[in-house]
Every structure is written in structure tokens, then in C-alpha cells.
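Number of protein chains: 2
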Amino acid sequence: MPRLFHFPLCPFSRRIRLTLGELDLDAELNEEQPWNLPAGLLKMNPAGTLPVLVEDNRAVIAGVEAVSEYLEETRLPAGSERSLLGKTPIERAEVRRLVAWFDVKFHREVSRQLLIEKIDRRFAGPEQGGGAPNMAALRAGRTHIRAHLDYIGQLAETRRWLGGDNLSSADLAAAAHLSCIDYLGDVPWSANASAKGWYVRVKSRPSFRPLLADQIRGMPPPRIYADLDF
Amino acid sequence: MPRLFHFPLCPFSRRIRLTLGELDLDAELNEEQPWNLPAGLLKMNPAGTLPVLVEDNRAVIAGVEAVSEYLEETRLPAGSERSLLGKTPIERAEVRRLVAWFDVKFHREVSRQLLIEKIDRRFAGPEQGGGAPNMAALRAGRTHIRAHLDYIGQLAETRRWLGGDNLSSADLAAAAHLSCIDYLGDVPWSANASAKGWYVRVKSRPSFRPLLADQIRGMPPPRIYADLDF
Chain A
2 MPRLFHFPLC PFSRRIRLTL GELDLDAELN EEQPWNLPAG LLKMNPAGTL
52 PVLVEDNRAV IAGVEAVSEY LEETRLPAGS ERSLLGKTPI ERAEVRRLVA
102 WFDVKFHREV SRQLLIEKID RRFAGPEQGG GAPNMAALRA GRTHIRAHLD
152 YIGQLAETRR WLGGDNLSSA DLAAAAHLSC IDYLGDVPWS ANASAKGWYV
202 RVKSRPSFRP LLADQIRGMP PPRIYADLDF
Chain B
2 MPRLFHFPLC PFSRRIRLTL GELDLDAELN EEQPWNLPAG LLKMNPAGTL
52 PVLVEDNRAV IAGVEAVSEY LEETRLPAGS ERSLLGKTPI ERAEVRRLVA
102 WFDVKFHREV SRQLLIEKID RRFAGPEQGG GAPNMAALRA GRTHIRAHLD
152 YIGQLAETRR WLGGDNLSSA DLAAAAHLSC IDYLGDVPWS ANASAKGWYV
202 RVKSRPSFRP LLADQIRGMP PPRIYADLDF
């Protein structure tokens, strides 16, 4: 069985866990701390990012971009109805545009800010960048998330799923980032009903259940985090 | 003929221009200013990023991740020898890992810092974020680039090209970022001879020629920028 090195509140790791769930794939999960990766993992992925997938034959696939495309290429027949990227090149271009929206723009403006300040600073030692959170970064993340909820709401009002007619990696990327921030209690769900309605649908999927059971020691999530009726 | 909306010193736009050159594809180039994108372009790509490709049938493909995969999918037969991603899933995973290295890590640590401070701040109006460069950001970019040159050198010493035996999007992504910084005169080439040797080979390719002719008005590149013997 392949092994997935991940961190529960890493949005990129979460997208791959959701992908595994949606494709009915099993993997052994190895939890790592992003601020304190072991030397063996840094050798497998010198960028020091999660997730990293290791196949039974020891082949290493490092980083969310590589792992997500690799799972599609190796676990699904070409053109499969179950593709999380889409069936045509134009559908896939739209899904990849939206995945970049969340993995690049949302990450830079919201999830990186909030996760680094609230998680890494808290659990990392002083020599690993630990310390008091930067309040300006927290404020910036909490402000920017509102525009992203509006964009998700706008997409959800005109399409069945964010990328089009079918659930795709765009939904999984968006939900992976938002669910990390939801664990911190920082998603203002009342700000956009359409975005919330879309998230209720993703959160109800069986692939989401393991994420709702995640617990960071010493930092339990708010009650609404695992609640399907929040 | 498709149209590519780009900016000469945008590393993501540059990678697509190199990709078009390597695949012998023509496109009409439309130059845009990242700090002042017209409303029509923001409608095509609400993330406000370049490049954006528009097909003759008006289909819009937005963002480097979407455009690069789309060109492979639509312009090359499956499994083509000319693929810039690689022939097997494992080869492609390695190329995508390295593309993310440059588009995410190098961008955050080096090219975003230097390009925003030296280009956007200079040419953007005060209401678009213009003003004096942040010297700490410039210093950080100039420091971090050395570790990246060492990583490129290390790959170049053990492989023919960065991603393996063949030229790939990994080389194009690395060269796209580095060439922007080279235009600014901020690549310390003497710091790593192997990295420089690899760059000489990429820079000599016909696909690179249009990039070496780029000129930003009021900000000519240093002499060595276009020189193949630098």
C-alpha cells in the first residue's frame, strides 16, 4: 500500500487525502510536522513541502501538483468518468485555473498567513520560527477570506460544482484550504450563503469524514468544525 | 492564431513563450502590465495573473498551470517524444515537482520579491502599489537566489537536463524565472559554474531568442543579459 506523508492542517495534504477518498484509494498515512521534517523526508522532497507519496516500489512523488496529476494518470483509465480534472482539455484548463486560484492566491492571501501564524508559530521551537503570532498577518488573512467566499459563492450560483458540472479537484482544493481555516474557527460562513451551501455539500461527502476527525494535540477545533449542520 | 496575453518580465508568461517556441507553435503576443490589467482581461482571468491564452474560437485558458498542460494536451499526440512533461507518470511527477520548485518556492523567495520591488513599484502608480522599493525584500531575494543556483547546479551535475534525460518544463520554468532576474542584473552567475553551464545551454536554444530581445521601456537590461558568452 502506498504511504502518504502529510500534516492534518496542511491544505495540500488535505487535497490529496480527499482525492484518495474520492478515487476509493487506500494509503497508509504518516503524520509529519511541516516545521520539523525529518532528514529522510527532506531527502525525498528537498523543497520541504507536504504531501509526499511513496509507492510500494519506493518511487517518490513529491508535492501536491505532482501527486494529484500522478494519481489521475496511474489510478484511472484515460478519459475516465471519475476524473477529478475533467474530461476535455477545456474542462481540465478550468479546473487547473481554479486549483491555482486556491493553491496560489488563496494560500498566499489567507491560508498561509493564518496557518503559519496560528500553527507553526505556536508549535515550532524558537529556532524553527516559533513565537508570537504576527497580528497584521492574521488580520490580513481574515480580511481577504471574505472576497474568496464571495468568489466561491458566485461560482456556486452559476455551476453545479466550482469547476463545472462535476465534482473536481477545484472543489477539493477549495475545501482543503477552507477546512483548515475552519479548524481555526476563522471562516465567516454567514458572509456568503451560496459559498456555505457549496461547502455543506462537499463536507457531507464520505471522502471528507477522515478530515473532520482530525485533532491537533492541545488545539481542539471549534464545535462547528465537524458539524454537518453548522 | 491563438493570442497570448503576457508581460515580458513575468516568469510565468516567459515559460509559456518558451513552451510555444519548443513546440513550434505560433501565437500573437499581446503585452500587458501586471499592475494595470484591463477590465477585459480581469474578466477572462479574475485572479489577475498572466499568462492568458485565447483560442481562435475564443476559449480562454488562464494561468501558467492551465496553459502549459493544455498546450501538451491539445498540440501534441499522447505519449509524444516532444512532450515537455515527460513520457511516463514517474518522469512527469519529477518534472511537476521541479516546476513547483520554481513557480512556488523560487517565486516566493526570489523572483516575486525582486520583480515586485524593482518593476511593479517603479512603473505602477501610487494607487496601484507603486513607490520606493523595499530594501529588505531586495536583500532577501538576492540572498535566497544563491541556494537555488546551488540546487540547479547539483541537478545539472547528475542529469542531462534538470528533470532527467530530456529538456522539460522544469528547465523552462527555471530558465523563465532566472532570465527575469538576469534582466535585472541580479543573478550571481559566478557562484555556481554548473548552474551557469546549464543556463548557457538553455539560453542558446532558438526558443530563447525572443526573450533575449525583450526590452522594458526606460529600463534596458545589462549587456550580459542577451550575451550567450557571459
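So the protein sequences, as listed, match chains A and B. With positions in the first sequence counted from 1, the corresponding number in the working numbering is that position plus 1. With positions in the second sequence counted from 1, the corresponding number in the working numbering is that position plus 1. Note that the Cβ used here is the ideal one computed from N, Cα and C, for glycine as well. It should be emphasised that the depicted structure is a prediction, and the values quoted were computed from it without experimental measurement.
- The beta carbon of B/Phe13 lies closer than 8 Å to those of Thr50, Leu51, Pro52, Gly64, Val65, Asp104, Ala177 in the same chain, with the five residues before and after it left out.
- Around the beta carbon of A/Asn193, 16 or more other beta carbons sit within 10 angstroms, so the residue counts as buried.
- Fewer than three Cβ pairs drawn from the region 135-147 of chain A and the region 200-208 of chain A lie within less than 8 Å of each other, which leaves the two stretches out of contact.
- A contact is defined here as three or more CB-CB pairs under 8 Å, and the region 21-40 of chain B fails this definition with respect to the region 76-96 of chain A.
- Interface annotation for the region 11-32 of chain A against chain B: empty, criterion Cβ-Cβ distance under 7 Å.
- Burial is judged here by how many other beta carbons sit within 10 angstroms of a residue's own beta carbon; B/Gly165 has at least 16 and is buried.
- Check the Cα spacing between B/Leu54 and each of B/Ser69, B/Ala48, B/Ala40: the tightest is with B/Ser69.
- Along the region 32-61 of chain A, the alpha helix (DSSP H) occurs as fully enclosed runs of 4 or more residues at 40-45, listed in sequence order.
- At a beta-carbon threshold of 9 Å, none of the residues of chain B lie near A/Trp36; the nearest stands roughly 16 Å away.
- One thing to note: B/Pro90 has its Cβ no nearer than 8 Å to the Cβ of A/Glu56.
- The C-beta separation of B/Pro47 from A/Tyr184 comes to about 27 Å, leaving the pair out of contact by the 8 Å criterion.
- Contact with chain A is found for B/Gly64, since one of that chain's Cβ atoms lies less than 8 Å from the residue's Cβ.
- The secondary-structure analysis by DSSP pairs A/His7 across a beta bridge with A/Glu32.
- CA-to-CA, the gap between B/Leu173 and B/Leu42 works out to about 25 Å.
- By the neighbour-count definition (other C-beta atoms within 10 Å, threshold 16), B/Thr20 is a buried residue.
- Listed in chain order, the positions of the region 104-127 of chain B with a beta carbon within less than 7 Å of a beta carbon of chain A are Lys106.
- Residue contact check for A/Ala171 against chain B: no CB pair falls below 8 Å.
- Proximity to B/Gly126 across B/Arg18, B/Asn37, B/Ile17, B/Glu32 peaks at B/Asn37, based on C-alpha coordinates.
- For B/Arg98, a Cβ of chain A is located within less than 8 Å of the residue's own Cβ.
- Look at A/Gly198 here: in three-state DSSP terms it is helix.
- Assigned with DSSP and collapsed to three states, B/Gly142 falls in helix.
- Using a Cβ-Cβ cut-off of 8 Å, A/Ala101 counts as an interface residue toward chain B, since at least one Cβ of chain B sits closer than that to its own.
- For B/Glu92, there are no neighbours in chain A by C-beta distance under 8 Å, as the nearest C-beta there is about 11 Å away.
- Residue pairing by DSSP places A/Gly165 opposite A/Trp162 in a beta bridge.
- Assignment of B/Met136 by DSSP, reduced to helix, strand and coil, places it in the helix class.
- In this structure, DSSP gives B/Ala63 an extended state, which the three-state scheme calls strand.
- If you look at B/Arg109, you'll find it isn't in any alpha helix (DSSP H); DSSP assigns it neither H nor E.
- For B/Thr159, none of the residues of chain A pass the 8 Å Cβ criterion, the least Cβ distance being about 13 Å.
- Boundaries of the alpha helix (DSSP H) around A/Leu21: 12-23.
- Apart from sequence neighbours up to five positions away, the residues of its chain that approach A/Gly186 with a beta-carbon distance below 6 Å are Pro223, ordered along the chain.
- Shortest Cα-Cα distance from B/Leu10 to any of B/Asp230, B/Pro221, B/Asp228, B/Ile225 involves B/Pro221.
- Annotation: the continuous alpha helix (DSSP H) that includes A/Arg210 extends over 210-213.
- For A/Tyr152, the residues of chain B that pass the 9 Å Cβ criterion are Pro47, in the order they occur in the chain.
- Distance check between A/Asp230 and each of A/Arg147, A/Tyr200, A/Ala40, A/Gly131 places A/Tyr200 closest, using alpha-carbon atoms only.
- As computed with DSSP, B/Met220 is found in a beta bridge with B/Ile217.
- Assigned with DSSP and collapsed to three states, B/Pro78 falls in coil, not helix or strand.
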